[in-house]
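Read in order, the letters of the sequence shown correspond to residues 1 to 775 in UniProt numbering. Everything on this sheet refers to the single structure shown next.
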Amino acid sequence: MNSLKLTEVSQNNLKKISLELQKNQLIVFTGVSGSGKSSLVFDTIAAEAQRQMNANYPAFVRNRMPKYRKPKVMRIENLNPAVVVDQSPLGGNQRSTVGTITEISSLLRLLYSRIGEPAGRSASQFSFNHPQGMCQECSGLGQVNVINIDRLIDHEKTWNEGPVRDGKFAVGTWYWKQYAAAEYFENDVALKDLTQNQWNQLMYGHPEKLAPINPKLEGIYRNYERILLKRDLSAYGKHYEEKQKELVVQTVCPQCRGQRLCEESLSVKIKGRSIADCVQMDMNEFLDFLKSLDQRTVSEVIEELIQQVQRLIDIGLDYLHLDRQTPTLSGGEAQRVKLVKHMGSSLNGMIYIFDEPSTGMHARDVSRINQLMQSLRDKGNTVLVVEHDPDVIAVADEVIDIGPLAGKDGGEVVFQGSYMELLTSDCLTGKEIRQSRPVNRSTRKWQESIKIKNATLHNLKNVTVEIPKHILTVITGVAGSGKSSLITKVLPEQAAETIKIIDQSPIKATNRATPVTYLGIYDEIRRSFSKANNTDIGMFSFNSKGACPICKGKGETTVELVFMDPVINECESCQGKRFSNKALSYTYQGKSIIDVLAMTPKEVQKLYYQTGSKRLLEKLQAMIDTGLTYLPIGRSLSSLSGGERQRLKLAKAIDQKETLFVLDEPTTGLHLSDIKKLNELFQRIVNKGNTLIIIEHHSEVIKSADWVIDVGPEGGINGGEIVFSGTPEELLLSGTITGNYLAQSMVKAVKEEVDQLKATKHLTNEVSMVSSKKV
1 MNSLKLTEVS QNNLKKISLE LQKNQLIVFT GVSGSGKSSL VFDTIAAEAQ
51 RQMNANYPAF VRNRMPKYRK PKVMRIENLN PAVVVDQSPL GGNQRSTVGT
101 ITEISSLLRL LYSRIGEPAG RSASQFSFNH PQGMCQECSG LGQVNVINID
151 RLIDHEKTWN EGPVRDGKFA VGTWYWKQYA AAEYFENDVA LKDLTQNQWN
201 QLMYGHPEKL APINPKLEGI YRNYERILLK RDLSAYGKHY EEKQKELVVQ
251 TVCPQCRGQR LCEESLSVKI KGRSIADCVQ MDMNEFLDFL KSLDQRTVSE
301 VIEELIQQVQ RLIDIGLDYL HLDRQTPTLS GGEAQRVKLV KHMGSSLNGM
351 IYIFDEPSTG MHARDVSRIN QLMQSLRDKG NTVLVVEHDP DVIAVADEVI
401 DIGPLAGKDG GEVVFQGSYM ELLTSDCLTG KEIRQSRPVN RSTRKWQESI
451 KIKNATLHNL KNVTVEIPKH ILTVITGVAG SGKSSLITKV LPEQAAETIK
501 IIDQSPIKAT NRATPVTYLG IYDEIRRSFS KANNTDIGMF SFNSKGACPI
551 CKGKGETTVE LVFMDPVINE CESCQGKRFS NKALSYTYQG KSIIDVLAMT
601 PKEVQKLYYQ TGSKRLLEKL QAMIDTGLTY LPIGRSLSSL SGGERQRLKL
651 AKAIDQKETL FVLDEPTTGL HLSDIKKLNE LFQRIVNKGN TLIIIEHHSE
701 VIKSADWVID VGPEGGINGG EIVFSGTPEE LLLSGTITGN YLAQSMVKAV
751 KEEVDQLKAT KHLTNEVSMV SSKKV
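Okay, here's the thing in structure tokens:
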């Protein structure tokens, strides 16, 4: 009972592996992307634990819970209940915040209802989601929709020149004539020169100056407000829907000034602070406020609030505020917020499963996550972690490396043992960890730059900085320091150049889209099948003639149940392949279309080596260069992770020249060996004359840069400044948080190499050689 035993696991690409995992340990699973780590940990252990737990509930409850298919495993013994803390978005909408998702807001509302002055309010009166507490103007959202009049009106033009950017107000139209005849102003005067009263008449109407043609003539703003803000436009055609997207913007609610609550609720204070003031503090400031309270009647509430806030600080989210909307959190931030819910739990005998918990974290903060996972283990739980970060791997009680490579070349256990044993092993992960690469001392020189001046967005403190052109610049800093605000928001606004931002946001495509359709090379593959079989090209698309007639190319069928959520099953006709039997009967070089879509880029390259176009082979190579060697070219885009989406976007844009690229943490989800390949790709991109700016925490990317800009010194209100700008070599001696941790990582790598040599008893000249290495 002290170990979890798995026998012959063959889920996805796993090759009937058998494992025994000791319980109450911190076990880290490593391996290249696509090796089978997630298939083992999430699709087998987690899925079976949750499937068996759900089976204990009544049928009515089960039908409303997530469905888990039985994994492909002969036997699992001694399985405990599992808690999965992954990187899936927290979801929600504008009403879902860090405060509501962590339940801190509930405690805070209770606190204000008990000791707030003036007294006499209920807890619900401090909720922006409750009619008693919400601002009536914005319904508790803090923002209202308005018409962006500057997008609609050209202030330089006169009425006779047609200043309204909408066809219905074109010169000579009925709408135009109504205002031309209204005698609000001289029709040959530029709108920018109108008096305030004349402008108000044109925009908002005027009861005393009615138009002779239309006595009910409303102002232009009121007209668009009535049509675009107060109607359901689905019945009014695409013109108005497009105008709504173009003209309607959100702005701070004028009634509550973005604080979401009604005036009565905002008037209640504790030590001069309203509840809205509290939710807009960062965690450190909020903690100080809580500790300053001395109220015995609510001491338990205050103590629980302090503990909850301290947990957010402990996992490196001290820069967040409780009013931060959950849909705006990154995958790494969302995972850490979920972790807060479990940190105070008194449960033991559980399996906690983490998916790359270091994602999005500065090296300084990784140790905090390690301590929290170790504390969960010490409470009597088993902690399973899928991870690439060497600092997380180093604290494992046991490391299990899956590989040796990805896809069909993976799916085996290539190492199981301690961290020190990993360093002496021949597996790819061990080799990469013990290879310490020096910082770039041959940096490119730069002459031209892009200047950002006086940036004040979010927490940026009047930042002015030069970003070099035609070299590789890495933007560093702790989470929440202002890196993304500076580069992804301010830079595009101030720079004259066109900037290509490649981030981890979802690709705008349906679940029928795949990597090859996104890259624009599927048509060539379909044409090759069409030509070889002398049949219609549509036969090789699951969106056209080749689709399975039962599921219409979806690969699944949906059963609608009255009063219950629909049940989605794999299509029994095509077994999820999406194609009809007729389409699958045709082959190209012995492969059916579904066989090709299941191939990795390298396999497709080999298939089309003699017959494929240069563009087809280059796009496949781009997938390989960006670390997507393992990804089947027919995988649904909706199933890709954030890091995979970003690398696919990069693969699409890679052949552009003289472009300014911005990448946001492109190493997310990548093994050290893949990061090495990605670094080589970055160098090739810059060598083509491009400017490459990378927001990144990973030391291997920082060391390969030509120029580093460090933002900090901390996150939130304690960040927003440029604390360093220079070469990677200069960063090591800068004294900044990033510089110190980069230097420490290099010293650690040298020490580990020494320890590894000692462990293998090669202590002669090699030890003195390694010991004399200079950082």
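Cβ atoms here follow ideal geometry from the backbone N, Cα and C, with glycine treated the same way.
**Report entry** Three-state secondary structure (DSSP) of residue 764
**Finding:** Only weak support is given to the placement of residue 764: the predicted model assigns it a pLDDT of 41, under 50, and the question is left unresolved by the model.
Requested in this report: May I have the straight-line CA-CA distance separating residue 383 from residue 400, to the nearest angstrom?
Outcome: Approximately 13 Å, taken between the alpha carbons.
Query - DSSP state of residue 565 mapped onto helix, strand, coil - result: Confidence is the limiting factor: at residue 565 the pLDDT is only 49, short of 50, which leaves the residue's position unreliable, though a coordinate-based value still follows. Reduced to three states, the DSSP call for residue 565 is coil.
Query raised in the report: By the 10 Å Cβ neighbour count, where 16 or more other Cβ atoms means buried, how is residue 474 classified, buried or exposed?
Result: So residue 474 counts as buried.
Report task. State the DSSP-derived secondary structure class of residue 119, mapped to helix, strand or coil. Result -> Here residue 119 sits in coil by DSSP.
Query raised in the report: Taking the alpha-carbon positions, what's the residue 18 to residue 278 distance?
Result: Cα to Cα, the separation comes out at about 52 Å.
Requested in this report: Within 10 angstroms of the Cβ of residue 496, are there 16 or more other Cβ atoms? Answer buried if so, exposed if not.
Outcome: Exposed is the call here.
Query raised in the report: Just the Cα atoms here: how many angstroms apart are residue 605 and residue 550?
Result: Near 32 Å, if we compare the C-alpha coordinates of residue 550 and residue 605.
Requested in this report: Quickly, what does DSSP pair residue 643 with across the bridge? List them, please.
Outcome: Under the DSSP definition of a beta bridge, residue 643 lacks any partner.
**Report entry** Boundaries (first-last residue) of the beta strand (DSSP E) holding residue 631
**Finding:** Unbroken run through residue 631: none, as it is neither H nor E.
Requested in this report: Check whether the Cβ atoms of residue 390 and residue 428 sit closer than 8 Å, and answer yes or no.
Outcome: In this structure, residue 428 does not lie closer than 8 Å to residue 390 by Cβ.
Query raised in the report: Between the Cα of residue 444 and the Cα atoms of 742, 728, 23, which residue gives the shortest distance?
Result: The shortest Cα separation from residue 444 among 742, 728, 23 belongs to 728.
Requested in this report: Keeping to the same chain, check which residues put their C-beta closer than 8 Å to that of residue 514; ignore five residues upstream and five downstream.
Outcome: The answer, listed in chain order, is 522, 597, 633, 634, 635, 636, 637.
Query raised in the report: Would you report the Cα separation of residue 6 and residue 13, rounded to the nearest angstrom?
Result: Near 16 Å, if we compare the C-alpha coordinates of residue 13 and residue 6.
Query raised in the report: Enumerated in chain order, which unbroken segments of the alpha helix (DSSP H) with a length of 4 residues or greater are wholly contained in the stretch 499 to 559?
Result: DSSP runs (the alpha helix (DSSP H)) wholly in the stretch 499 to 559: 515 to 518, 522 to 533.
Query raised in the report: Is DSSP giving residue 185 helix, strand or coil here?
Result: Three-state result, residue 185: coil.
Query raised in the report: Exposed or buried, what is residue 204 when buried is set at 16 or more other beta-carbons lying within 10 Å of its beta-carbon?
Result: By the 16-neighbour rule on beta-carbons within 10 angstroms, residue 204 is exposed.
Query raised in the report: Under the three-state reduction of DSSP, which class applies to residue 302: helix, strand or coil?
Result: Looking at residue 302 - three-state DSSP - the assignment turns out to be helix.
**Report entry** Inter-residue Cα distance where the pair is residue 360 and residue 111
**Finding:** So the two alpha carbons sit approximately 33 Å from each other.
Report task. Give me the Cα-Cα distance between residue 252 and residue 480, rounded to the nearest whole angstrom. Result -> Going by C-alpha positions, residue 252 is about 23 Å away from residue 480.
Report task. Less than 8 Å between the CB atoms is what I'm expecting for residue 143 and residue 258, so what's the real figure, rounded? Result -> Residue 143 to residue 258, Cβ: 7 Å. Contact.
Query - Proximity winner among 739, 127, 725, 43, relative to residue 386 (alpha-carbon distances) - result: When each option's Cα is compared against that of residue 386, the closest is 43.
**Report entry** Endpoints, beta strand (DSSP E) assigned at residue 721
**Finding:** Taken as a continuous stretch (DSSP letters only), the beta strand (DSSP E) holding residue 721 covers 721 to 726.
Query raised in the report: Could you give the distance in angstroms between the alpha-carbon of residue 726 and the alpha-carbon of residue 711?
Result: Taking the straight line joining both Cα atoms gives about 12 Å.
Query raised in the report: What is the DSSP secondary structure of residue 464, reduced to helix, strand or coil?
Result: Strand at residue 464.
Query raised in the report: Relative to the alpha-carbon of residue 37, which residue among 106, 356, 293 has its alpha-carbon at the smallest distance?
Result: Comparing alpha carbon positions, the residue from 106, 356, 293 closest to residue 37 is 356.
Query - Inter-residue Cα distance where the pair is residue 379 and residue 266 - result: Rounded to the nearest angstrom, the two C-alpha atoms are 42 Å apart.
Query raised in the report: Between residue 476 and residue 702, which are expected to be in contact by the criterion C-beta below 8 Å, what is the C-beta distance as a whole number of angstroms?
Result: Sure, about 6 Å apart at Cβ, within 8 Å.
**Report entry** For residue 311, the nearest candidate out of 287, 299, 300, 94 (CA to CA)
**Finding:** Here the closest residue by C-alpha is 287.
Query raised in the report: How would you label residue 671, buried or exposed, when you count the other beta carbons within 10 angstroms and need 16 or more for buried?
Result: By the beta-carbon neighbour count (other beta carbons within 10 angstroms, threshold 16), residue 671 is buried.
Query - Euclidean distance between Cα positions of residue 484 and residue 24 - result: Between residue 484 and residue 24, the C-alpha separation is close to 39 Å.
Query raised in the report: Between which two residues does the alpha helix (DSSP H) harbouring residue 682 extend?
Result: Note, residue 682: alpha helix (DSSP H), 672 to 687.
Report task. Check whether the Cβ atoms of residue 269 and residue 116 sit closer than 8 Å, and answer yes or no. Result -> Contact: yes.
Query raised in the report: Bridge partners of residue 75, per DSSP?
Result: 7, per the DSSP bridge assignment.
Report task. Whole angstroms is fine: what's the gap from residue 174's alpha carbon to residue 141's? Result -> For residue 174 and residue 141, the gap between their C-alpha atoms comes out near 38 Å.
Query raised in the report: How close, in whole Å, do the beta carbons of residue 594 and residue 582 come, if the pair is a contact with beta carbons under 8 Å?
Result: Not really, about 13 Å apart at Cβ, beyond 8 Å.
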